[in-house]
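Structure, as structure tokens:
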Amino acid sequence: MTNDQKRALEQLTGEGVRFHYPMHRLTTYKVGGPVEAFWEAGDLGTLKKVIRYLSTAGIPYGVLGRGSNLLVKDNGIDGVMILLNGSLAVIDHNPGETHVWAGGGVHLTDLMNWCRQHGLSGLEFLAGIPGTVGGAVAMNAGAFGQEINERIETLQFVLPGGTAVEMNRSELKFSYRRLHMEEGRLVTKASFSLNRDTPEAVSAKMSGFFKTRKRTQPLEYPSAGSVFKNPPGAPFSTPGAGRLIENAGLKGKRIGGAEVSEKHANFIVNKGGATAKDILSLMDLVRLEVKRAAGIDLEPEIRVMGK
Ligand SMILES: Cc1cc2nc3c(=O)[nH]c(=O)nc-3n(C[C@H](O)[C@H](O)[C@H](O)COP(=O)(O)OP(=O)(O)OC[C@H]3O[C@@H](n4cnc5c(N)ncnc54)[C@H](O)[C@@H]3O)c2cc1C
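Taken in order, the sequence shown gives residues 209 to 515; the numbers are from the working numbering.
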């Protein structure tokens, strides 16, 4: 970005933009070099203006939630990273109704607490996923045989040109860990269709899912969750990614500060001081060894960004 572009961005955002911001502060892996500019958008109007400016000026931009599915490379990111906050991170609901609107920046933990308090059921499987609504929708987050898309009614997007549109579920296409959409689109709001239940029952389901996570996942170390997608047919005709990695004898394998978890082989954890390069090298090794042992190409689930 040129100095003029930086000044224009400061004017548009009311100086809320920070330059040369370390991405390791924004990702659950706690790795990643600096992004040229980081901005927390607080309202839809300003967000639309900024997206329009960035698109017209040809400045690359991306959006992140809690960075819980992201691996940012050590040399950082060109352009602008945007986080949704303020009125883009609120939950809205008409009393008596069973659907809820949540801003793209809402943390899933806050949505879980809200569902528990209001006795609304259907999203409990997300308990313990450390993301935002926007990130979970973009990734079609799922667990325990359920996916977030099953509960989505409508999404609001900001398009690369800076306009906001709403799309119904029938117009959306989801697949395993993916919402199909053009690059540069931001999910700013989602509405979910839920079922009425008692707060106690909703809470009990969430606790059950959370306990299973605690037992099976290495939550004590920084990670981005499952690194690889399960291959097609898993776990019936083919083992899941974790089992394939374990069968290849890779549990505990270490490069620098990155290690294939002993607890869950599809997690590569940061045991302290890992760089993105350590994690990427270990991912390459895992793919090579699984290909050699089982003849299967593992595809990354985590999104890699940067240079
Ligand atoms: C311990 C642990 C357990 C996990 N367990 C699960 C699990 O069970 N199931 C599962 O599916 N995932 C799991 N994950 C991965 C991750 O938490 C989810 O994918 C989560 O939904 C990502 O949300 P986020 O807000 O952190 O997205 P980020 O990691 O910040 O971003 C992920 C992708 O979404 C895009 N994105 C983010 N926000 C928006 C937006 N508003 N509009 C458009 N695109 C956007 C980003 O550009 C990026 O491409 C786990 C991660 C950890 C660390």
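No residue lacks a Cβ here, since even glycine has one placed at the ideal position from N, Cα and C.
Residue closest to residue i, alpha-carbon to alpha-carbon, out of the options
i	options	result
Arg377	Leu387, Gly266, Leu334	Leu387
Glu535	Asn474, Pro426, Tyr237, Cys323	Because the chain is modelled from 209 through 515, residue 535 falls outside the range shown and cannot be assessed.
Leu452	Gly480, Gln425, Val498, Thr483	Val498
Pro268	Arg274, Asp282, Arg260	Arg260
Leu496	Ala456, Gly481, Lys485, Glu248	Ala456
Lys485	Gly224, Arg226, Ala216, Val239	Val239
Met491	Glu509, Ala372, His232	Glu509
Gly287	Pro303, Ala245, Asp251, Ser263	Ala245
Arg511	Pro439, Ser383, Thr235	Thr235
Arg530	Ser263, Asp282, Gly222	Residue 530 falls outside the range modelled here, since the chain spans only 209 to 515, and no answer is possible.
Asn392	Phe382, Thr371, Pro439, Thr406	As written in the sequence, residue 392 is Gly, which differs from the Asn given in the question. Closest by alpha carbon: Thr371.
Glu305	Ala501, Cys323, Val314	Cys323
Trp247	Ser445, Tyr384, Val225, Asp505	Val225
N- and C-terminal bounds of the beta strand (DSSP E) containing residue i
i	result
Asp286	285 to 292
Arg511	511 to 513
Met375	372 to 376
Leu272	269 to 272
Ile360	360 to 366
Ala297	Taken as a continuous stretch (DSSP letters only), Ala297 belongs to no beta strand (DSSP E), as it is neither H nor E.
Backbone CA spacing between residue i and residue j [nearest angstrom]
i	j	result
Tyr229	Ala297	22 Å
Ile360	Val435	25 Å
Gly275	Ala412	28 Å
Ile356	Ala344	7 Å
His326	Thr210	49 Å
Lys437	Asp212	42 Å
Ile523	Glu507	Nothing about residue 523 can be read from this structure; the chain reaches only from 209 to 515.
Ala409	Ser401	18 Å
Glu332	Met414	5 Å
Pro430	Pro242	19 Å
Gly369	Thr396	15 Å
Met347	Leu278	11 Å
Gly294	Leu316	16 Å
Close-in-space but distant-in-sequence residues of the same chain around residue i (CB under 8 Å, 5 per side omitted)
i	result
Leu394	Leu255, Ile259, Val271, Ile290, Leu292, Gly312, Gly342, Phe365, Val366
Leu493	Leu458, Lys461, Ile463
Phe418	Ala335, Gly336
Leu220	Thr254, Lys257, Val258, Tyr261
Gly465	Asn478, Lys479, Gly480, Gly481, Ala482, Thr483, Asp486
Beta-carbon contacts of residue i that lie in its chain and below 6 Å, excluding the five residues immediately before and after
i	result
Ser469	Pro426, Phe475, Val477
Glu467	Val477, Lys479
Endpoints, alpha helix (DSSP H) assigned at residue i
i	result
Gly253	252 to 265
Glu223	Per DSSP, Glu223 belongs to no alpha helix (DSSP H) and is neither H nor E.
Arg278	Just to set this straight, residue 278 is Leu in the shown sequence, not Arg. That residue, Leu278, is in no alpha helix (DSSP H); its beta strand (DSSP E) goes 278 to 280.
May I have a chain-ordered list of the beta strand (DSSP E) segments no shorter than 3 residues that lie completely inside the segment 386 to 450? Within the segment 386 to 450, the runs of beta strand (DSSP E) at least 3 residues long that lie entirely inside it are, in chain order, 394 to 401.
Please give the ranges of any alpha helix (DSSP H) in the segment 324 to 356, keeping only runs that are unbroken, at least 4 residues long and fully inside the region. Under the rule that a run must span 4 or more residues, the alpha helix (DSSP H) segments found entirely inside the segment 324 to 356 read 341 to 346.
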